[in-house]
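In terms of numbering that gives the first Met the number 0, the sequence shown is numbered consecutively and its last residue is 651.
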Amino acid sequence: MTFFVYLGVPIYKRMSTPLWIPSQEYTESSSLYAFQQYIESKFKLQFINYQEFHLWSINHLEQFWQSILDYFQVSYSGNCNKVLYWNTAENFIGAKWFEGIELSYAEHIFKSYKENGIAIKFQSEYEDYQEICWKELQEKVSKIQQYLVDKGIQKGDRVVGVLNNRIETIAIFLAVNSLGAIWSCCSPDFGDKAIIERFEQIEPKLLFIETEYQYNDKKFSKRETFYMLVSRLITLQEVINLNDTMWNTVLDNYAPKPLEFVRVPFSHPIWILYSSGTTGKPKAITHSTGGNLLEHYKALSLHQNVQAGENFLWYSTTGWMMWNYALSSLLCGATLCLFDGIINHNNHQTFWNFLKQAQVHHLGAGAVYFKSIEHLDIKDCQPKVIGSTGSPLPASTFEVLQAKFPNVHIISLSGGTDVCSAFLSGNAMLTVYSGQLQCKTLGADIVAYNEEGIEVMDEVGELIIKQPMPSMPVYFLNDARNDKYRESYFEKFPNVWAHGDWIKITREEGILIYGRSDATLNRGGVRIGTAEIYNTVNELGEVKDSLVITTDEKDGSSKMLLFVQFEDNLKLDEEIQTKIKANLRKQYSPRHVPDSIFQVQDIPYTLSGKKLEIPVKKIFSGVSLEKAVSKDIMRNPECLEEYFVLYNLLFG
C-alpha cells in the first residue's frame with residue numbers, strides 16, 4: 000500500500016479562538032444534558048466531560064442503544080433477548096439489532112399529536128403561508144390510508160412518489176408507513192432517466208406524482224414523465240396524479256377515522272434512498288424502521304437540541320435524505336416547517352419572510368446556501384440553531400453567520416444517505432470553533448485512519464466507523480450477495496466502515512472535514528483536501544464559487560486546476576489570479592497553489608447539492624461527457640459543456 004504524507008499545515012489558524020460558548024442556561028436546558036443525567040443516574044456513573052460520555056457510549060454499545068429506546072419511551076411489541084448480534088467476519092453487514100420486537104415509525108410521529116397544535120407550517124415561492132394542525136394532518140393521513148388499504152397495499156409493498164416538499168407529501172408518506180409499506184421518492188426536478196433508474200429497481204405497486212410544478216417563477220410539466228413511468232414500471236397497479244381530479248376524489252371518498260398502525264420488525268425497511276449515481280445505476284440503499292427511529296431521536300433531540308414546541312426547517316427537496324431527516328423533527332414534538340421552491344426567490348426575501356412568520360428556531364440548509372447569503376442584511380430573525388451540511392462550512396462563513404446571529408448555535412454536521420443521519424454533529428455542552436464540527440455523536444465509534452490503517456490524531460485520515468450503527472443500511476436492493484454493499488464501505492480496510500471522507504480529529508475531539516477521499520488532491524505524494532482550497536478561495540469577495548481537481552500526467556506528475564465562478568460581471572485577470580495564489584500560499588503552502596486558474600460560468604452540482612469534482616476530473620482525463628456523469632442527477636447539467644470545450648481547447 001502506498002504511503003502518503005499529509006502536509007501538516009493547520010487548516011484554520013483561528014481554530015483556538017472560540018466562536019461561541021454555550022451559556023450555563025443553554026447547556027442545562029438542553030436535551031443532551033438531560034439525557035446525560037439520565038444515564039449517570041441509571042448506571043451510577045459520573046462523566047467529567049462529553050468525551051467521557053461518548054467513550055462510555057461506544058464501549059457499552061448495547062447499553063447505550065437500549066437506553067435510547069427506553070429514554071424516548073419507544074412503543075413496541077414482542078421481546079428482545081439481545082440488542083445487537085454482530086458477526087465480525089461479515090464486517091457490519093447483517094448486524095442484527097433488537098431482534099424480536101416490532102414497532103411503527105408513523106405511530107411515534109403521532110405521539111406528538113395535539114388536536115389543535117400546529118403540526119406543519121408551509122409556504123412556497125408562489126403560495127401564501129399555511130398552517131395545518133395535528134387534527135387536520137391525522138384526518139388527511141387517515142383518508143390516504145383507507146385508500147391504500149382499498150388498493151391492496153400491505154406490509155412490504157413499495158410505494159413511490161415524484162413529489163415536491165409539501166404537506167401532501169408528508170401525509171402520503173405517513174399513510175404508506177402506517178401500513179408497513181416501503182417508501183421511495185424523487186423530486187420532480189430529477190430527469191426521467193434518473194427517476195426510472197431508481198424506481199425500476201424496486202418494483203413499486205403504486206405511484207403518486209405531480210405532473211405540474213413551479214420553480215424560480217417558471218412552470219414545468221412532468222406529463223411526459225408520467226406517461227414514461229406508466230409504460231416502464233410494469234409492476235404499477237395504480238397511479239395518482241395530485242394535479243388532477245383523481246387526487247380530490249381520493250380525499251373526498253373517505254371519512255376520517257382513527258389511524259391504524261402496522262408494527263413491523265425492527266429491521267423492516269422504512270424507505271429506500273439512492274447513491275448519487277454519478278455514473279452507472281444508483282444503488283438502492285434500504286434503511287430499517289427501528290434503526291432510523293432510534294437514530295433520529297438521538298441525532299435531532301440530543302445533538303441538534305430540537306425540543307417540543309419549537310419550529311424546525313431544513314431546506315431540502317424530497318430526493319435528498321435531509322427530507323427524511325427533517326421529517327423526524329416531528330418525533331421531538333416540534334412543528335415541521337416546509338418551504339417549496341427556489342431558496343433565493345425574490346432575492347431571498349420570500350424564504351426569509353417565511354422564516355420570520357413561522358418563527359423558525361432551527362434553520363438548516365446546505366453550506367453553499369449559507370455562503371451565498373453572507374452579503375444579506377437580515378433583520379428580525381434570530382434562530383436558536385443553524386445547521387449546515389452537504390459540504391464543509393467554511394470558517395469564514397461560520398464567522399459571518401455568528402456575527403449576523405450573535406446567539407445562534409451553529410451546527411455543521413456530516414453523515415449522509417448511507418446512514419440517513421449525521422454521525423458528526425452538534426453539542427449544547429461544547430464550544431463552537433470556526434470550521435470545526437463539534438463532536439462525534441453518541442454511539443458513533445469514529446476514528447481517522449492513515450493509509451496504513453493506523454489510527455491517527457491531529458492528522459488527516461480516512462473517516463472510519465469501527466462499530467455498527469443501527470441506521471446503517473439493511474441491504475442494497477438487488478445485491479443478493481452484498482457485493483455492492485461490501486465494495487462501498489469495507490474493501491479498503493478490513494472489518495471497519497470506510498466512509499469516503501478525509502477528516503482530522505483534533506486533540507480536543509473537534510473534527511475538520513477535508514472533502515471526499517476520492518476527490519482528494521495529490522500533489523507529489525502529498526494529500527490536500529479540496530475543502531482547504533475552497534475555504535481560502537471562496538473567502539475572497541470576488542469569488543462566488545470554485546472547484547478544484549488534479550490531473551494525472553503521463554510522466555507521473557500531476558497538475559492542479561482551479562475553476563472559479565465570479566460575482567457579477569467580473570473577469571479573471573492577473574490581479575485576481577495573483578490574489579488567489581498569494582492567499583493559498585500564505586494560509587497553507589506553495590503546494591496549495593494551482594498550476595492554472597480558469598473562469599467558468601457555473602460550478603456543477605448534484606440535485607442534492609454535492610459538488611461534482613470527480614466528473615470534471617474525468618472530463619480532463621479525456622472521458623466523454625456521456626461517460627463522465629449521468630446528467631439526470633445534476634442540478635445544472637448544461638454547465639458541463641463549458642468544461643468539455645475548455646478541455647478540448649487546452650488538450651484536444
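In this text, a Cβ means the ideal position worked out from N, Cα and C, and glycines have one as well.
* Looking at C-beta atoms only, is the number of pairs between the segment 374-393 and the segment 237-251 that lie closer than 8 Å three or more? -> no
* Can you find at least 3 beta carbon pairs, one from the segment 416-424 and one from the segment 389-403, that sit closer than 8 Å? -> no
* To do: Compare the Cα-Cα distances from residue 41 to each of 48, 47, 33 and report the closest residue.
  => Indexing the sequence shown from 1 puts residue 41 at position 42. Per the Cα distances, 33.
* **Rounded separation between residue 79 and residue 181 - CA only** => Taking the sequence shown and counting its residues from 1, one reaches residue 79 at position 80. Taking the sequence shown and counting its residues from 1, one reaches residue 181 at position 182. Distance between the alpha carbons of residue 79 and residue 181: 24 Å.
* Asked: Is residue 563 helix, strand or coil by DSSP?
  -> Here residue 563 is taken as the residue at index 564 of the sequence shown, counted from 1. Three-state DSSP puts residue 563 in a strand.
* Asked: Using a Cβ-Cβ cut-off of 6 Å (strictly less than) and excluding sequence neighbours within five positions of residue 455, which residues of its own chain qualify?
  -> As a working note, residue 455 is residue 456 in the sequence shown. Correct list, in chain order: 447, 449.
* Asked: Just curious, the beta strand (DSSP E) that residue 500 is in, first and last residue?
  -> On the sequence shown, residue 500 is found 501 positions in, with the first residue counted as 1. Where residue 500 is concerned, the enclosing beta strand (DSSP E) stretches over 496-504.
* Exposure label - residue 327; buried when at least 16 CB within 10 Å -> Numbered from its first residue, the sequence shown carries residue 327 at position 328. Buried, by the Cβ-count rule.
* Quick one: measure Cβ to Cβ for residue 458 and residue 503, integer angstroms, because I've assumed they're closer than 8 Å. => On the sequence shown, residue 458 is found 459 positions in, with the first residue counted as 1. On the sequence shown, residue 503 is found 504 positions in, with the first residue counted as 1. About 7 Å separates the two Cβ atoms, so the contact holds.
* **Coil, strand or helix - residue 232 by DSSP** => Reading the sequence shown from its first residue, position 233 is the one you call residue 232. Correct three-state label for residue 232: coil.
* Can you tell me the Cα-Cα spacing of residue 269 and residue 188, whole angstroms? -> Numbered from 1 along the sequence shown, position 270 holds the residue referred to as residue 269. Numbered from 1 along the sequence shown, position 189 holds the residue referred to as residue 188. The straight-line gap from Cα to Cα measures roughly 23 Å.
* Count the C-beta pairs between the segment 295-313 and the segment 133-140 that are closer than 8 Å, then say yes if the count reaches three, no if not. => no
* How about residue 340: is its C-beta nearer than 7 Å to some C-beta of chain B? -> The question asks about chain B, but that chain is absent: this structure has only one protein chain.
* How about the segment 578-587 and the segment 526-539: do they share at least three Cβ pairs that are nearer than 8 Å? -> yes
* Asked: In terms of residues, what are the limits of the beta strand (DSSP E) holding residue 335?
  -> Position 336 of the sequence shown holds residue 335. Counting along the chain, the beta strand (DSSP E) containing residue 335 begins and ends at 334-339.
* To do: Output the distance between the C-alpha atoms of residue 547 and residue 541, rounded to the nearest integer angstrom.
  => As a position in the sequence shown, residue 547 is number 548, starting the count at 1. As a position in the sequence shown, residue 541 is number 542, starting the count at 1. Distance between the alpha carbons of residue 547 and residue 541: 17 Å.
* **The beta strand (DSSP E) enclosing residue 284, as first and last residue numbers** => Here the question's residue 284 lines up with position 285 in the sequence shown. Here the beta strand (DSSP E) through residue 284 covers 283-287.
* To do: Could you pull out every residue in the same chain whose Cβ sits closer than 6 Å to the Cβ of residue 59, ignoring the five residues on either side in sequence?
  => Residue 59 sits at position 60 when you count from the first residue of the sequence shown. None.
* Asked: From this set, 345, 144, 72, which residue's C-alpha is nearest residue 250's C-alpha?
  -> Position 251 of the sequence shown, counted from the start, is the residue given in the question as residue 250. Of the listed residues, the one whose Cα sits closest to residue 250 is 144.
* Any chance the segment 429-436 sits against the segment 477-493, with 3 or more Cβ pairs inside 8 Å? -> no
* Reference residue 570, options 549, 545, 599, closest by Cα -> Counted from its first residue, the sequence shown places residue 570 at position 571. Considering only alpha carbons, the answer is 599.
* Is residue 237 near residue 272, with beta carbons less than 7 Å apart? -> On the sequence shown, position 238 is the one that residue 237 refers to. On the sequence shown, position 273 is the one that residue 272 refers to. Not in contact: residue 237 and residue 272 (Cβ atoms no closer than 7 Å).
* To do: Enumerate in chain order the residues of its own chain whose CB-to-CB distance from residue 169 is below 8 Å, with the five nearest sequence positions on each side excluded.
  => Against the sequence shown, residue 169 aligns to sequence position 170. These residues qualify, in order along the chain: 119, 136, 326, 335, 337.
* **For residue 151, the nearest candidate out of 163, 178, 172, 644 (CA to CA)** => The residue you call residue 151 lines up with position 152 of the sequence shown. Here the closest residue by C-alpha is 178.
* First and last residue of the uninterrupted alpha helix (DSSP H) at residue 256 -> Counting from 1 along the sequence shown, the entry for residue 256 is found at position 257. Unbroken run through residue 256: none, as it is neither H nor E.
* Asked: Taking the continuous alpha helix (DSSP H) assigned at residue 614, which residues delimit it?
  -> On the sequence shown, position 615 is the one that residue 614 refers to. Taken as a continuous stretch (DSSP letters only), the alpha helix (DSSP H) holding residue 614 covers 612-618.
* To do: Please check the pair residue 241 and residue 167, which I expect to be a contact at CB under 8 Å, by giving their CB distance rounded to whole angstroms.
  => Position 242 of the sequence shown, counted from the start, is the residue given in the question as residue 241. Position 168 of the sequence shown, counted from the start, is the residue given in the question as residue 167. Indeed, because the Cβ distance is near 6 Å, the residues count as touching under 8 Å.
* Asked: What do you reckon, are the CB atoms on residue 512 and residue 391 nearer than 7 Å?
  -> As a position in the sequence shown, residue 512 is number 513, starting the count at 1. As a position in the sequence shown, residue 391 is number 392, starting the count at 1. Cβ distance < 7 Å, so residue 512 and residue 391 count as in contact.
* With 16 other CB atoms within 10 Å as the buried threshold, where does residue 92 fall? -> Along the sequence shown, read from residue 1 onward, the residue named residue 92 stands at position 93. Counting Cβ neighbours within 10 Å, residue 92 comes out buried, since at least 16 surround it.
* Asked: Whose CA, out of 608, 616, 563, 389, lies closest to the CA of residue 646?
  -> Position 647 of the sequence shown holds residue 646. Nearest C-alpha to residue 646: 616.
* Asked: If we count the other Cβ atoms within 10 Å of its Cβ and call it buried at 16 or more, is residue 374 buried or exposed?
  -> Residue numbering aside, residue 374 sits at position 375 when the sequence shown is read from its first letter. Result: exposed.
* Asked: Rounded to whole angstroms, how far is the Cβ of residue 304 from the Cβ of residue 31, which I believe are closer than 8 Å?
  -> Translated into positions along the sequence shown, residue 304 becomes position 305. Translated into positions along the sequence shown, residue 31 becomes position 32. Their Cβ separation, rounded to whole angstroms, is 7 Å, which keeps residue 304 and residue 31 in contact under 8 Å.
* Determine, using beta carbons only, whether residue 53 and residue 330 come nearer to each other than 7 Å. => As a first step, residue 53 is located in the sequence shown; it is residue number 54 there, counting from the start. As a first step, residue 330 is located in the sequence shown; it is residue number 331 there, counting from the start. No, Cβ-Cβ distance for residue 53 and residue 330 is not below 7 Å.
* Could you check which residue in 520, 467, 518, 207 has the C-alpha nearest to that of residue 496? => By one-based count along the sequence shown, residue 496 stands at place 497. The residue with the shortest Cα to Cα distance from residue 496 is 467.
* Asked: Are residue 356 and residue 128 touching if we call contact CB-CB under 7 Å?
  -> Here residue 356 refers to the residue found at position 357 of the sequence shown. Here residue 128 refers to the residue found at position 129 of the sequence shown. Taking 7 Å as the Cβ cut-off, residue 356 and residue 128 qualify as a contacting pair.
* To do: Report yes if the C-beta distance between residue 100 and residue 116 is below 7 Å; otherwise report no.
  => If you number the sequence shown from 1, residue 100 lands on position 101. If you number the sequence shown from 1, residue 116 lands on position 117. Not a contact, by the Cβ cut-off of 7 Å.
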